[in-house]
Amino acid sequence: MPTHPDMTTDMTDDDHTAPDEAAALNEPAVLDALQHQLAVYARRAEQTRLGGLGHARNSMDRAAYLLLNRLDQEGPMGVKALAAGMGIDSSTVTRQVAPLVESGLVKRTSHPEDGRAVVLQLSPRGESRLEEVRSSRRRLMELITTGWSEEERETFCSLLTRFNTAMLDLNPASLSNPPEPPSGGGQDAPAS
């Protein structure tokens, strides 16, 4: 597929930028490049539907995958706890869980300590299906990062996790009047 100007993967001109000039790249330019690369990523992810390889490709939507993965990692939990852990509201979780229950991937059971409360948990079918999709997506990540060292994969994963956590921690109400970012390229200033 030809690369269009809005889909470039590298916004620097390596042939004409000296190492000192690249190091002097100012913060607004880096932030512009970052937001641009995120937009390109979102477009490519949507175009390719990064859902795995083979017959599992695109076989599970993002919401279902995230819910099943959360239940697998944290065990049975109620809708409110699941919603809080994912940073979404309970009504959204309820709506997204309904087809998972109907398809037999998730089951509703009584809370072990309070029989009146209901918790959601993966069914054996859900565990099997999740592993099938995970395996397919793992192979896709391996293919995309062919040629990357293990250290590069770990660094990318660490930074992406940190970025996602910061997005989750960002209070949407604060976006109308955001605080000034710390000076010093994102490093905390030393205490006085």
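Our numbering applies: residue 1 is where the sequence shown begins, and numbers increase by one.
Here a beta-carbon is modelled for each residue, glycine too, at the ideal position from N, C-alpha and C.
All figures in this text were calculated on a predicted structure; none of them were measured in a lab.
Ordered along the chain, which non-local residues of its own chain (more than five positions away) have a Cβ less than 8 Å from that of S123?
Closer than 8 Å at the Cβ level, and outside the excluded window around S123, lie G104, L105, V106 and K107.
Would you list, in sequence order, the uninterrupted alpha helix (DSSP H) runs of no fewer than 4 residues that lie entirely inside the segment 69-139?
DSSP runs (the alpha helix (DSSP H)) wholly in the segment 69-139: 79-86 and 90-102.
Take T145 and list the residues in its own chain whose beta-carbon comes closer than 7 Å to its own, dropping the five residues that flank it on each side.
So the list reads R153, once near-sequence residues are dropped.
Could you tell me whether the Cβ atoms of V133 and M60 are closer together than 9 Å?
Going by C-beta atoms, V133 is nearer than 9 Å to M60.
Using the beta-carbon count (16 or more within 10 Å), is G75 buried or exposed?
Its Cβ having fewer than 16 others within 10 Å, G75 is exposed.
Quick one: using the 10 Å Cβ neighbour count with 16 as the cut-off for buried, is A83 buried or exposed?
Looking at its Cβ environment, which holds 16 or more other Cβ atoms inside 10 Å, A83 is buried.
Can you look up S149 in the DSSP assignment and give me helix, strand or coil?
Looking at S149 - three-state DSSP - the assignment turns out to be coil, as it is neither helix nor strand.
Would you report the Cα separation of P99 and T92, rounded to the nearest angstrom?
If I take the Cα positions, the gap works out to 12 Å.
Helix, strand or coil, according to DSSP, for A23 in the structure here?
For A23, the predicted structure reports a pLDDT of 49, less than 50, and the residue's modelled location is therefore unreliable. The matter cannot be settled from this model.
Let's test the definition: count the other Cβ atoms within 10 Å of the Cβ of S149 and tell me whether it reaches 16, buried, or not, exposed.
S149 comes out exposed.
Comparing alpha-carbon positions, which option in G78, A33 and E27 lies nearest V118?
The shortest C-alpha separation from V118 is found at G78.
May I have the straight-line CA-CA distance separating A64 from L31, to the nearest angstrom?
Between A64 and L31, the C-alpha separation is close to 32 Å.
Could you check the C-alpha separation between E131 and A45 for me, to the nearest Å?
One C-alpha to the other measures close to 21 Å.
Can you tell which of S128, C157 and L68 has the C-alpha that lies nearest to the C-alpha of E142?
E142 has its Cα closest to that of C157, out of S128, C157 and L68.
Tell me, to the nearest whole angstrom, how far the beta carbon of L71 is from that of Q121; I am working on the premise that it is less than 8 Å.
L71 to Q121, Cβ: 6 Å. Contact.
Quick one: what does DSSP say L34 is sitting in, helix, strand or coil?
Reduced to three states, the DSSP call for L34 is helix.
Check this for me: beta carbons of G147 and L68, under 9 Å apart or not?
No.
Can you grab the Cα-Cα spacing for the pair K80 / T94, in whole Å?
Their Cα atoms are separated by approximately 9 Å.
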